[in-house]
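Data block below; observations after.
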């Protein structure tokens, strides 16, 4: 009896696996959204941007434009050399462990949702629909600036990309790199007359859950961005 049932069980499992495989193949790949081409010159010098940089926690109730978001994301991790893939922030061993996420709330021509930034194509891909700024505010111990911004830029890292080569020392390199990227966003914000602030106090696990972040990545910064309210 057992020998007669076994082929049926195996056939059922095989058919189920084929169905699963077909379902996975039928799932559409995340649609990438092209961002406006970044500009490489502005009316403000590096020195003036450094002079005017401030932590801004209050923002106007106005949306940001796609060209502004494009510029901020490029400043964080944009490609600056097609020849070698160099980026706006230096990276130990050119291993680039950082991942940039965007929680969109009020951006013209971009629906509220969680997006991942792809430096190579300067594009966004949608990870989850809906405005998560309130959820991120709760995860950041109710720091109101998170919810006041038109969007939140999240800097995360996959440490293993760097520690595979540099061992424990690589942890420090990744954290330094995150700081470089955050400063680039701060200076670009000044150039765009946008406000931002670097936030490091939050519940890591909750932020990962909200952003659908892979298990091997860790959030390092939340940076709300919006039209500064003077």
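Numbering (our numbering), first residue to last: 2 to 231. Think of the CB as a built atom: it goes at the ideal place given N, C-alpha and C, for glycine as much as any other residue.
{"Query": "Residue(s) in a DSSP beta bridge with residue 196", "Result": "227"}
{"Query": "Own chain partners of residue 1 with C-beta closer than 8 Å, once the 5 adjacent residues on each side are dropped", "Result": "Outside the displayed range of the chain (2 to 231) lies residue 1, so it cannot be described from this structure."}
{"Query": "Burial state of residue 106 (16 or more Cβ within 10 Å)", "Result": "buried"}
{"Query": "Residue nearest to residue 218 in terms of C-alpha spacing, selected from 155, 56 and 45", "Result": "155"}
{"Query": "Contact set for residue 225: own chain, Cβ-Cβ below 7 Å, skip 5 residues either direction", "Result": "146, 147, 149, 150, 153, 197 and 198"}
{"Query": "Where residue 133 sits in the DSSP three-state scheme", "Result": "coil"}
{"Query": "Contacting residues, own chain, Cβ-Cβ under 8 Å from residue 47 (five flanking each side not counted)", "Result": "188"}
{"Query": "Residue 213 to residue 115 span [Cα, whole Å]", "Result": "8 Å"}
{"Query": "Host beta strand (DSSP E) of residue 76 (start-end)", "Result": "It is not in any beta strand (DSSP E) - residue 76 instead sits in the alpha helix (DSSP H) that spans 67-78."}
{"Query": "Chain B within 8 Å of residue 172, Cβ atoms only", "Result": "Given the protein chain composition of this structure (a single chain), no chain B is represented."}
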